[in-house]
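Chemist: Residue numbers (UniProt numbering): 1 to 373. Where a beta carbon is used, it is the ideal one built from N, C-alpha and C, also for glycine. Structure in structure tokens, see below.
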Amino acid sequence: MGITIVQKSDLSRPKPNPKTALVLSGGGISGGAFKLGGLQALSNFMLNRNIREFDIYVGVSAGALLATFLANGISTEELAKSFEGKRGQIDPVQLSKIYSLNYIDFLKNPIQTAGDTLGWLPKLGLNFIMFNNIFRNEFRQMLFKVIKNPSYENAQELFRYCLQKSRSNIRKPSLPWGFIPNGIFSTDKFERAIRRNLEKNDLHNNFKALYKKTGRELYIFAMNLDNAEREVFGHDENNGVPISKAMQASIAIPVFYKPVKIDGVDYVDGAVIKTTSMDLAVAKGATLIICYNPFRPFNHETFCEKCEIDENRMQIAEDGMYAVFNQAMRTLLHTRLMHGIDTYIKNPDFKGDIILIEPTEYDADFFDMNPLA
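Below, the structure is given as structure tokens:
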């Protein structure tokens with residue numbers, strides 16, 4: 001396990017009641033398992049506080065799922081049982097709920113697109129006749145211009161005018177992409193399973209109620225698909241939706257899962273726009289931030305230096321398309337995270353401390369794990 005520490009506070013003058021935050025990034029199922037193992041170990045070493053007693057919880061993607069239950073006081077041991085498929089306080093979520101095929105859109109989209117296409121052609125013809133006839137002054141002037149001076153430029157200008165007017169108020173069908181759904185799987189069943197787990201255990205599924213009853217602040221973020229901006233859900237942010245619904249939006253990995261619609265707005269996985277959102281914890285007053293990030297790129301050279309003499313591993317490019325994509329995505333997410341860490345190191349106004357916990361850069365077994373398996 002790799003640990004990065006940013007120490008900016010004055011240790012000679014410790015604050016009496018520092019505000020603490022646990023920031024959990026994404027990482028899919030394997031990333032969630034990594035964070036659970038690390039959180040259990042961290043909880044065992046913490047003095048006068050356990051993992052369920054942070055003041056602030058910030059989660060994105062798989063981290064949003066863990067943060068939902070931790071902020072509600074569920075132990076890492078109980079969460080681990082659920083991840084392992086064992087019954088406990090939290091019922092295990094079946095894989096059929098996680099990988100629920102978006103079959104409705106697979107059936108609906110081709111039919112709707114075909115219908116739009118068939119309807120579009122007659123409407124286009126009707127519009128052409130309505131807007132392009134001698135009774136319309138603008139069309140008549142352009143037509144006479146072509147008759148008087150039948151040049152290529154004049155004919156092209158008339159053609160463009162006719163085409164523009166014909167299509168001005170008709171929605172053109174999206175071909176061929178309209179036939180393809182906006183996500184392979186749906187998160188609806190998964191959200192319902194999480195909601196039932198919360199209700200069954202009398203846990204809070206409302207941001208305001210959670211804060212009022214426990215004093216713990218839970219923040220979950222997703223990305224607004226239509227404007228590419230971060231949307232934060234929390235007791236003093238967007239609090240009009242259930243926690244389980246905000247979590248659903250945050251885990252909606254683009255293409256893999258269909259976007260989640262909340263109040264007419266489509267959301268996707270928040271990790272698309274921010275790897276962790278430590279800035280949110282800082283803005284809410286946290287002075288000690290512990291951040292877990294499972295997506296660290298693999299360093300083949302370091303692995304070769306650390307490995308046993310008889311241990312061998314092919315280079316990433318030799319390991320196929322998935323390995324290349326895996327490394328690229330890990331690098332993208334990790335680079336953004338380290339840029340944020342570097343910003344706080346250089347920021348003279350930041351007087352807090354950050355502890356970043358990740359896998360080591362030579363952890364080949366973790367790199368080989370499929371985060372969605």
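So for residue 393, helix, strand or coil by DSSP?
Modeler: This structure does not reach residue 393, given that the chain is present from 1 up to 373, and the question cannot be answered.
Chemist: Determine the DSSP secondary structure at G215, reduced to helix, strand or coil.
Modeler: Three-state DSSP puts G215 in coil, outside helix and strand.
Chemist: Buried or exposed, going by whether 16 or more other CB atoms sit within 10 Å of the CB of Y103?
Modeler: Under this definition Y103 is an exposed residue.
Chemist: Can the beta-carbon of P259 be found less than 8 angstroms from the beta-carbon of N205?
Modeler: Taking 8 angstroms as the Cβ cut-off, P259 and N205 do not qualify as a contacting pair.
Chemist: Among the residues of its own chain, which have a CB less than 7 angstroms from the CB of L333, if the five just before and after it don't count?
Modeler: Counting only Cβ-Cβ distances below 7 angstroms, and skipping sequence neighbours, we find A271, T275 and F295.
Chemist: Is the CB-CB distance between L356 and T4 below 8 angstroms?
Modeler: In this structure, T4 lies closer than 8 angstroms to L356 by Cβ.
Chemist: In this structure, how does DSSP classify A21 when only helix, strand and coil are distinguished?
Modeler: Strand.
Chemist: Would you call the CB atoms of I341 and V6 closer than 8 angstroms?
Modeler: Contact: yes.
Chemist: Quick check: the Cα distance between I220 and K108, rounded to an integer number of angstroms?
Modeler: Each residue's alpha carbon lies about 31 angstroms from the other.
Chemist: Report, in whole angstroms, the separation of the C-beta atoms of H235 and K208, which I expect to be a contact under 8 angstroms.
Modeler: Confirmed, Cβ separation roughly 5 angstroms.
Chemist: Assign R330 to buried or exposed, taking buried as 16 or more other Cβ atoms, counted over all protein chains shown, within 10 Å of its Cβ.
Modeler: Burial call: buried.
Chemist: Using DSSP with H/G/I as helix, E/B as strand and the rest coil, what is L203?
Modeler: L203: coil per DSSP, three-state reduction.
Chemist: Tell me the DSSP secondary structure of A249 in three-state form.
Modeler: In this structure, A249 counts as helix in the three-state DSSP scheme.
Chemist: Indicate the three-state DSSP secondary structure (helix, strand or coil) for Q315 in the structure shown.
Modeler: If DSSP states are grouped into helix, strand and coil, Q315 belongs with coil.
Chemist: Buried or exposed, going by whether 16 or more other CB atoms sit within 10 Å of the CB of K346?
Modeler: Answer is exposed; the Cβ neighbour count stays below 16.
Chemist: Okay, do the region 287-305 and the region 354-370 touch, 3+ Cβ pairs below 8 angstroms being the bar?
Modeler: Yes, since at least three Cβ pairs between the region 287-305 and the region 354-370 fall closer than 8 angstroms, the two stretches touch.
Chemist: Determine the DSSP secondary structure at D368, reduced to helix, strand or coil.
Modeler: Helix at D368.
Chemist: Should L66 go down as buried or exposed, given a rule of 16 or more other Cβ atoms within 10 Å for buried?
Modeler: Per the 10 Å Cβ criterion, buried.
Chemist: Does DSSP classify G59 as helix, strand or coil?
Modeler: Of the three classes helix, strand and coil, the one that applies to G59 here is strand, per DSSP.
Chemist: In the DSSP assignment, what residue or residues form a beta bridge with Y257?
Modeler: Note: Y257 sits in a beta bridge opposite F185 and P254.
Chemist: In whole angstroms, give me the CA-to-CA distance for A246 and A222.
Modeler: Going from the Cα of A246 to the Cα of A222 covers about 8 angstroms.
Chemist: By Cβ distance, which residues of its chain are closer than 6 angstroms to Y257, with the 5 residues on each side in sequence left out?
Modeler: So the list reads G183, F185 and T187, once near-sequence residues are dropped.
Chemist: For I90, I'd like the list of residues in its chain whose CB is within less than 6 angstroms of its CB, leaving aside the five on either flank, ordered along the chain.
Modeler: Same-chain partners within the cutoff: E78, S82 and N197.
Chemist: What residue range does the beta strand (DSSP E) around D353 cover?
Modeler: Segment D353 to E358, the beta strand (DSSP E) holding D353.
Chemist: On a CA-only basis, which of M46, F233, S43 and E217 is nearest N224? Give me that one, please.
Modeler: It is F233 whose Cα lies nearest to the Cα of N224.
Chemist: What would DSSP say about S277, mapped onto helix, strand or coil?
Modeler: S277: coil per DSSP, three-state reduction.
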